[in-house]
Amino acid sequence: MITTVCLDSVSKEFTDKIPSTNIGEMCLDENKIVWADVADPTSEDFTNLAAEFNFHHLSIEDCRKEHQRPKVEEYPGYYFIVLYEAELTGEHDHLELRELNIFLGANYLVTVHSRPIRAIKTAERLWHEWTDRAEHGAGLLAYLLMDAIVDDYMPLLDILSERMDELEDQIFGEFQPAALEEIFRIKKQLLYLRRSITPLRDVFNTLLRREQPLFARATHVYFQDIFDHIIRVADTIDTLRDMLGSTMDAYLSVQGNRMNMIMKRLTSISTILMSVTLIAGIYGMNFQHMPELGWKYGYIFALLSMVGVGLLLYIYLKKVKWL
Amino acid sequence: MITTVCLDSVSKEFTDKIPSTNIGEMCLDENKIVWADVADPTSEDFTNLAAEFNFHHLSIEDCRKEHQRPKVEEYPGYYFIVLYEAELTGEHDHLELRELNIFLGANYLVTVHSRPIRAIKTAERLWHEWTDRAEHGAGLLAYLLMDAIVDDYMPLLDILSERMDELEDQIFGEFQPAALEEIFRIKKQLLYLRRSITPLRDVFNTLLRREQPLFARATHVYFQDIFDHIIRVADTIDTLRDMLGSTMDAYLSVQGNRMNMIMKRLTSISTILMSVTLIAGIYGMNFQHMPELGWKYGYIFALLSMVGVGLLLYIYLKKVKWL
Amino acid sequence: MITTVCLDSVSKEFTDKIPSTNIGEMCLDENKIVWADVADPTSEDFTNLAAEFNFHHLSIEDCRKEHQRPKVEEYPGYYFIVLYEAELTGEHDHLELRELNIFLGANYLVTVHSRPIRAIKTAERLWHEWTDRAEHGAGLLAYLLMDAIVDDYMPLLDILSERMDELEDQIFGEFQPAALEEIFRIKKQLLYLRRSITPLRDVFNTLLRREQPLFARATHVYFQDIFDHIIRVADTIDTLRDMLGSTMDAYLSVQGNRMNMIMKRLTSISTILMSVTLIAGIYGMNFQHMPELGWKYGYIFALLSMVGVGLLLYIYLKKVKWL
Amino acid sequence: MITTVCLDSVSKEFTDKIPSTNIGEMCLDENKIVWADVADPTSEDFTNLAAEFNFHHLSIEDCRKEHQRPKVEEYPGYYFIVLYEAELTGEHDHLELRELNIFLGANYLVTVHSRPIRAIKTAERLWHEWTDRAEHGAGLLAYLLMDAIVDDYMPLLDILSERMDELEDQIFGEFQPAALEEIFRIKKQLLYLRRSITPLRDVFNTLLRREQPLFARATHVYFQDIFDHIIRVADTIDTLRDMLGSTMDAYLSVQGNRMNMIMKRLTSISTILMSVTLIAGIYGMNFQHMPELGWKYGYIFALLSMVGVGLLLYIYLKKVKWL
Amino acid sequence: MITTVCLDSVSKEFTDKIPSTNIGEMCLDENKIVWADVADPTSEDFTNLAAEFNFHHLSIEDCRKEHQRPKVEEYPGYYFIVLYEAELTGEHDHLELRELNIFLGANYLVTVHSRPIRAIKTAERLWHEWTDRAEHGAGLLAYLLMDAIVDDYMPLLDILSERMDELEDQIFGEFQPAALEEIFRIKKQLLYLRRSITPLRDVFNTLLRREQPLFARATHVYFQDIFDHIIRVADTIDTLRDMLGSTMDAYLSVQGNRMNMIMKRLTSISTILMSVTLIAGIYGMNFQHMPELGWKYGYIFALLSMVGVGLLLYIYLKKVKWL
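Chains A, B, C, D and E supply the protein sequences, listed in that same order. Quick note: the numbering used here has the first sequence finishing at residue 324, numbered continuously throughout. Quick note: the numbering used here has the second sequence finishing at residue 324, numbered continuously throughout. Quick note: the numbering used here has the third sequence finishing at residue 324, numbered continuously throughout. Quick note: the numbering used here has the fourth sequence finishing at residue 324, numbered continuously throughout. Quick note: the numbering used here has the fifth sequence finishing at residue 324, numbered continuously throughout.
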C-alpha cells in the first residue's frame with residue numbers, strides 16, 4: 002500500500018494525494034517535495050517503484066529480501082538507507098527490531114517497510130508543524146524520520162539500565178536464580194541493539210566528511226545532529242555492556258563467596274556433630290573396667306559433656322566466622 | 002579439466018566451446034567475454050594457463066600450493082582473487098571450506114579449484130538469464146560468482162544461530178554434557194568462517210576506494226554490493242561469536258550455581274543423617290543408670306526422636322532452600 | 002538567572018553588569034569580551050539566548066534536554082561544548098556529574114547549567130587575576146573554565162586510587178565481604194568518569210589539527226594544554242580500570258586459594274574424627290572373645306589409642322600443611 | 002667468517018669468490034650483484050663491514066647487540082632488516098628463534114648472523130636455479146631469503162596446530178595433568194612466534210605503499226608476495242591463539258563439570274554409607290525392650306535392611322545421575 | 002641547583018662553567034651548545050629559567066607541578082619533553098619512576114628533575130667521548146640522554162621476566178601462596194612501566210613523520226633510533242603482560258586441578274573410613290542371635306574384615322587415581 006504526501010515548495014501548501022503511478026512524474030518538478038510511504042509492499046509495488054523512480058535493481062533487491070544490515074548507500078541521484086526501529090513489546094519486554102528502508106532523493110523520500118513504523122507518524126506530524134519545511138527539501142523529512150527512530154533508542158536503553166540496577170541489587174542482596182537468565186537476556190538485547198545502530202556510526206561519519214551535492218549546507222547540520230545522537234546511543238549501549246559485564250563479574254565473585262561460606266558451614270557442622278558422636282561412641286565401648294559407666298550420674302555427665310563440647314565448638318566457630 | 006564458455010558482446014550470442022589452447026587468442030578480441038573453468042587442475046593445466054594468459058608465476062604458484070588466505074591481489078592486467086565456499090556437510094555438520102582461485106581480467110574470468118564449487122553452477126545459470134550481460138564484461142561474471150559464494154554463508158550462519166539457541170535453552174534447562182562439546186565445535190567453526198571472510202573486507206574496502214581502470218562505473222556498483230554482503234556476513238559472525246561467549250559465561254555461571262546447590266544438599270543430608278545417628282549413638286552407651294533404656298516404650302521413643310529430629314531438620318532446610 | 006561579566010579589551014577595564022536583553026548588542030562590539038552565565042535556565046532564558054546570540058535551535062535544544070554526551074560541535078560563528086564537572090559527595094562518596102553547556106564565540110562565552118558549577122567561581126577568579134586577559138579574547142575564558150573542570154578530575158581519581166590500594170591490602174590480608182561491593186562501586190564510578198571525559202579526547206584531537214579561524218595562535222596553545230590534561234585524566238582512568246581488573250583477578254585467586262584451604266581442613270578434620278570414632282566403634286563391638294575388653298587398663302588403653310591416633314594424624318596433617 | 006658470492010649481471014656468470022676487503026670496491030660496479038654472508042661475526046668483521054659498505058654506525062650497533070625486534074629500517078642507500086628464523090628443536094620441541102640481520106642495497110646483500118641459518122642454503126640454491134636472476138638485482142636475493150624464512154613458519158604452525166588438536170581430544174576424553182603444562186608451553190611459543198613476525202607486517206605495509214627508488218617495479222611484486230605470506234603466518238598465529246584460548250575455556254568448563262560430578266558422588270557415597278551405618282547404630286542401642294533383638298533372624302533382618310536401604314539409595318542415585 | 006656545561010662548536014672545546022644568569026645570553030650564540038641541568042629546582046630557579054630562555058609559562062607550570070604524563074610538546078623554538086627513568090630499588094625490588102623534564106632547543110638542552118637521574122651521568126660521559134659531537138648540536142645530547150633512559154628499561158624488564166619464569170615453575174611445582182602476591186606486584190609494575198613508556202611511542206611516531214626545522218637530517222636518524230628502542234621496550238612490556246596473564250590462567254587451572262584432587266581424596270578417605278566404621282557398627286548391634294559374636298576368632302575376623310575392606314578400597318581408589 003502506497004501513501005503519498007506532496008508539498009509544493011513555492012506555494013508552501015500540501016497538494017492532494019497523488020496516484021502512485023504519477024509519483025515519478027511529480028518528482029521531476031523540483032518545486033515539489035514528495036513523500037511516498039510503501040507499507041507491506043507487494044511484488045507489484047516494487048516493480049512500480051523501480052519504474053517510477055528509476056531505482057537501481059540492487060537497492061530494490063535489498064528492500065525485497067529484508068534483514069539487511071543498517072547502512073547508507075550512495076546511488077546515482079539518491080541515497081538508499083536501512084534503519085531499524087527498536088521497541089520492547091509484550092509482557093516480557095521482548096525486543097522487536099523493525100526494518101525501515103529509505104530512498105532519499107533531493108526532493109523525494111520513499112519509505113518501505115513490511116511492519117508498521119511508529120516514527121513515520123511522528124515525523125509526519127513534526128513536518129506539518131515545521132515552519133521552514135519548504136526550504137530544506139526532502140533532507141528535513143529524512144532528518145525528522147531518522148531522528149525519531151534514533152531518539153526512540155534512548156528511553157529503551159533507560160529501561161534496560163533500570164532493570165540492570167535492580168539485578169545488581171539482587172546480586173548483593175538475596176539472589177534469585179531467575180536473575181541470571183535475566184542478565185543474559187539483557188546481554189543479548191544489547192547485542193542486537195548494538196548491531197542495529199553502530200554500523201550507522203561509521204557510515205554517517207564518512208558521509209558527513211564528504212562533499213554532498215544532494216543537500217544544502219543548512220540541511221547538513223541536521224544530519225550532523227543525527228550523527229551525534231547515533232554516537233550517544235552507541236556510547237550508552239557500550240557503557241551498559243561494560244556494566245553488565247561488571248555485574249556478571251560481581252555475580253561470579255558473590256557466588257564464590259557463598260560457596261566459601263557454605264563449605265565453612267559444612268566443615269563446622271560436621272566437626273560439631275562428629276565430636277559429639279565421638280563421645281557417644283566412647284561410652285558405647287564394652288570395656289569391663291570403665292568407671293564412668295557405673296557412676297550414678299554418668300549418663301547425665303556424658304550428655305552434659307556432649308552439650309558442652311558442642312557448645313564450645315559452636316562458640317569458637319561463631320567467633321572465627323565459620324558459622 | 003578446462004571448460005570454457007564464451008560470449009560475443011557484439012552479436013550477444015554464446016559462441017561454441019573453444020579448445021583450451023586457443024583461449025588466450027580469443028581473449029585478445031575485446032568483444033569476447035571468456036570464462037575458463039579449471040577443475041582439479043593438472044600440472045599441465047597450470048603450464049597452459051601461464052602460457053595462454055601470461056599470468057605472473059607468483060599467482061600461478063599460489064594456485065598450485067592451495068591453502069592461501071582469502072585475498073584480492075592486483076597484477077598488471079588482471080586481479081588474482083582467492084575465496085572460500087563454505088558448506089556444512091555430513092551427519093555432524095562438518096564445516097567444509099573449498100578454495101576457489103579467480104583470475105579476473107577485463108574480458109575474461111579464469112576459475113581454478115580442486116574440489117567442485119556449487120556457486121559456479123549458480124553463477125553460470127544467472128549469467129545466462131541476465132539481460133544486459135554483454136555490457137558489463139567479465140566483471141558481472143565475477144560479481145555473480147562471488148555473490149553466490151558470499152551469500153551462501155548466510156543460511157549456514159542461520160543454522161549455527163539456531164543450534165546456539167537450542168544450546169542456550171539446554172543450559173538453563175536440563176544440561177547434557179555433550180552440549181559443552183557442541184559449543185566448542187561451533188566456536189571453532191565460527192573461527193574458521195571468520196578467517197575465510199574477514200580478510201576480504203579490508204581488501205574490498207581498499208579496492209573500492211581506488212581508481213579502477215579495469216571496470217566501468219556501472220559494474221563498480223556490483224562490487225560495492227559484494228562488499229556490503231561481506232560486511233553483513235562478517236558482522237553476523239562477530240555477533241554469533243559474542244553470543245557464544247555469552248552462552249559460555251552463562252554456562253559457567255549455571256555450573257557455579259549447581260555446585261552451590263549440590264554443596265548445600267550435601268551439607269543438609271550430612272547434617273540430618275549425623276544428627277539422627279547421634280541419637281542412636283547416645284542410646285548405644287553402656288551406662289548402668291540410663292532410665293530410658295528401661296522404659297517399656299524406650300525403643301519406640303528413641304525411634305520417634307530420630308524421625309522427629311530428622312523431620313524438623315528436613316523441614317527447616319527445605320524452608321531455607323538448602324534442600 | 003543570567004549573570005554577566007564584560008571586559009573592555011581596549012580600556013582593559015571591567016564594565017558594569019549589563020541587562021540580559023542587551024548582551025547580543027554588546028557582543029557585536031568586537032572590543033568587548035562578554036561572559037554570560039545562565040544558572041538554572043527557564044524556558045524564557047532559552048528564548049532570550051536564541052534571540053540575542055542567534056544560536057542554532059539544535060544547540061539550544063541540546064541545552065534544554067540535558068544529559069548530552071560530552072562534545073564539541075562547530076556551528077557557524079561559535080562552538081557548542083558540553084562538559085561534565087565531577088565531584089565525590091556525601092558520606093559514601095557518591096559520584097556526582099554536573100553538566101555544563103558552553104557557547105564559545107570569538108568574543109563571548111555563554112555558560113548554561115541547571116546545577117551550581119564550582120569551576121565557574123575558580124575561572125572567574127583566575128580571569129580577574131590574569132595579566133594579559135584582554136589579548137586572548139573569550140578563548141582564555143573558555144580555557145580557564147574547562148581547565149578548572151578537567152583538573153578537578155585528578156584529585157578525585159587520587160581518592161579512588163587510594164581506596165583501591167586499601168582494598169588490595171584487604172584482599173591479601175583479612176577479607177571483609179563489603180570490600181567486594183566497594184570494588185564494584187569504584188568500577189562503576191570509573192565507567193561513568195571515563196564516559197564523561199574520553200569523548201572529549203577525540204574531539205579535541207580533531208579540533209587542534211584543524212584550521213581554527215575563531216582564535217589566535219597564542220590562544221591555541223591553551224587548548225593544547227587542556228587536551229594534554231584530558232589525555233592525562235583519560236590515561237589515569239584507564240590505568241585505574243586495569244588495576245581494578247587486576248585486583249578483581251587477585252580477589253578471585255585468593256578466594257580460590259581459601260577454598261582449597263577450607264577443603265583441606267575439612268578433609269583433615271573429618272579424617273581425624275572418623276579415625277578416632279572408628280576405634281571407639283571397634284571397642285563397641287559385642288564379641289564374646291575380645292581380650293582388651295577384660296584388661297584392667299583396657300579403657301585407658303583405648304582412650305590413649307584415640308589420643309595417639311588423633312595426635313599422629315594432626316601432626317602429619319600439620320606437616321603437609323593441610324591444617 | 003665472511004663468505005661471498007658475486008654475479009655479473011652482464012655476462013650472467015658467477016665470478017669467483019672475492020676477498021672480504023674488496024667487497025666494497027666490487028659493489029661500486031653496478032653490474033655486479035654481491036652477496037656477503039657474515040657468520041658468527043667477530044669485532045673485526047664489523048669494523049670491516051662498516052668500512053667497506055659505509056654502513057651507519059647505528060645499524061652496525063644493532064647487529065652487534067643482537068636481540069633486536071624484527072624490523073625494516075631505511076638508511077641512505079640501503080635497508081637494514083632484522084628477521085628471525087624459527088625452528089622446533091630437540092625432543093621436547095623447544096622453539097628456537099635465530100636472528101638474521103640483512104643489509105640490502107641496490108646491488109648487494111649482506112647477511113649477518115651468529116647462529117647457522119637454514120634459509121641461507123635454500124636461498125642460495127634457488128638463486129642459482131632462477132632463470133632471470135640477473136634482471137632483478139639484489140632484491141630477488143632478498144626475496145628468496147626472506148621468503149624461505151617466512152615460509153618455514155607455516156609447517157611449524159601446522160605442528161603446533163596438530164598438537165593442539167590432540168590436546169583438545171584429551172580434554173574431552175581422559176585428561177592427563179601434563180596436558181595443561183603443554184597448553185601453556187604452546188601458548189608461550191605462539192607468543193614468541195607472534196612477536197617475531199607481526200612487527201614485520203606493519204613495516205612491510207608501510208614500505209609497499211611508499212615510493213621505492215631502490216628496486217624496479219618487477220621486483221616490487223616479490224616483496225608484495227612476502228608481505229602476503231607474513232600476513233598469512235600472522236593470521237594463522239592469531240587463529241591458533243584464539244583456538245588455544247577456546248581450548249583453555251573448554252578445559253576450565255570440563256574441570257568444573259568434573260568437580261560437579263565428584264561432589265555429587267561424594268554426596269551420594271556419604272548418603273548411602275551414613276544411612277546404612279544408621280541402621281547398625283539403631284540396633285546397637287541398649288534398650289531392654291527391643292523386640293527385633295530377640296528375633297531369631299533379627300540379625301539377618303538387620304543385615305538385609307542395610308543391603309536393602311543401600312541398594313535402594315544406589316538405584317535412586319544412579320537414576321538421577323549422581324553416581 | 003643549576004649546573005651548566007657549554008661546548009663551542011667552532012673551537013670544539015668545552016668552555017668553563019657559566020653563571021646561571023648568563024645562560025640565556027650564551028644560547029643566543031649559535032656556535033655554543035649549552036646544557037643546563039637543574040637538580041631539585043627551587044621556585045627561584047623556575048623564575049630564572051623562564052626569564053633566561055623565555056619558556057612558555059605552561060611548560061614551566063608542568064615542570065613545577067610534576068607527575069606529568071610522558072610527552073613531547075612542541076613550543077615555538079623548543080620541545081618540552083617529559084620522560085621517566087625506571088629503577089628497581091630496595092630489597093623487595095620496589096619500582097621507582099623518576100621524572101625528568103627536558104627543554105630541547107636547537108643549541109641548548111635544559112634538564113629539570115627533583116630526584117637524581119642516573120642517565121644524566123651516562124649521557125655526559127658519552128657526550129664527552131663522542132667524536133663528532135660539535136656537528137649534531139643539542140639534538141645529539143638529547144639523544145644520548147633519552148637513549149640512556151630508554152635503554153635502562155630493558156635490563157629491568159629482563160629481571161621481571163626471570164622472576165616470572167621462576168613463578169611459573171613454582172605454579173606447576175610446589176606452590177607457595179606468596180607467589181600469588183608476587184604475580185600481582187609484577188603485574189602492577191608492568192602497568193606503571195607501560196604507562197611511562199607507551200605514550201612516547203605515539204608522540205615519537207608523529208614527530209618523526211613531521212618536517213622538523215630544529216634538527217638536521219643526520220640527527221634525525223638518532224631520534225629514529227630512540228623511537229625503535231621505545232617500540233622494543235613497549236613490545237616487551239606487552240609480551241610480558243601477555244605472559245603474566247597466561248601465568249595467571251595457568252595458576253587458576255592448576256588451582257582448579259588441585260581442588261579436584263583434594264575433593265577426590267576427601268571422598269576416598271570418607272569412603273574408606275565410613276566403610277570400616279560400618280563393620281564395627283554391625284558387630285556393635287545387640288542381637289541375641291549373632292553367630293559371629295560367639296566365634297572364638299570372631300574379633301580377629303572382624304578386625305581382618307575391616308583391614309580387608311579398607312585395603313581393597315584403598316587399592317581400588319589408588320588405581321582410579323582418586324588417592
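All C-beta atoms in this analysis are idealised placements derived from N, C-alpha and C, irrespective of residue type, glycine included.
Determine, for residue i, whether the minimum Cβ-Cβ distance to residues of chain D falls below 7 Å.
i: threonine 199/B; result: no
For residue i and residue j, I'd like the C-alpha separation in whole angstroms.
i: isoleucine 96/E; j: arginine 186/E; result: The sequence given here places leucine at residue 96/E; isoleucine does not occur at that position. Going from the Cα of leucine 96/E to the Cα of arginine 186/E covers about 10 Å.
i: leucine 208/C; j: asparagine 206/D; result: 29 Å
i: threonine 248/B; j: leucine 168/B; result: 8 Å
i: lysine 13/E; j: serine 10/C; result: 51 Å
i: leucine 279/E; j: threonine 278/D; result: 5 Å
Got a sec: is the Cβ-Cβ distance from residue i to anything in chain E below 7 Å?
i: arginine 1/C; result: With chain C covering 2 to 324 only, the question about residue 1/C has no answer from this structure.
i: serine 247/C; result: yes
i: serine 254/C; result: yes
i: isoleucine 187/D; result: no
If you drop the 5 nearest sequence neighbours on each side, which residues of the same chain put their C-beta closer than 6 Å to that of residue i?
i: glutamate 88/B; result: Glu97
i: glutamine 69/E; result: Asp63, Val83
i: isoleucine 61/D; result: Phe47, Ala51
i: leucine 294/C; result: none
i: proline 42/E; result: Val113
Ignore the nearest five residues each way along the sequence and tell me which others in residue i's own chain have a CB closer than 7 Å to its CB.
i: valine 151/A; result: Ile227, His230, Ile231, Val234
i: histidine 144/E; result: Going by the sequence as given, residue 144/E is tyrosine instead of histidine. Closer than 7 Å at the Cβ level, and outside the excluded window around tyrosine 144/E, lie Tyr223, Phe224, Ile227.
Quick one: using the 10 Å Cβ neighbour count with 16 as the cut-off for buried, is residue i buried or exposed?
i: glutamine 256/E; result: buried
i: serine 44/C; result: exposed
i: histidine 93/B; result: exposed
i: proline 1/A; result: This structure leaves residue 1/A out entirely; chain A is present only between 2 and 324.
i: arginine 119/E; result: exposed
i: glutamate 130/C; result: exposed
At the 7 Å Cβ level, is residue i part of the contact set with chain B, yes or no?
i: arginine 202/A; result: no
i: serine 55/D; result: For the record, residue 55/D in the displayed sequence is asparagine; it is not serine. Asparagine 55/D does not count as touching chain B.
Using a Cβ-Cβ cut-off of 7 Å, state whether residue i counts as contacting chain C.
i: methionine 260/E; result: yes
i: histidine 221/A; result: no
For a cutoff of 7 Å on Cβ pairs, would you count residue i as touching chain A?
i: glycine 285/B; result: yes
(request) Could I get the ranges of all uninterrupted beta strand (DSSP E) runs contained in the stretch 51-121 of chain C, with 3 residues as the minimum, in chain order? (result) 72-76, 79-90, 95-106, 109-114
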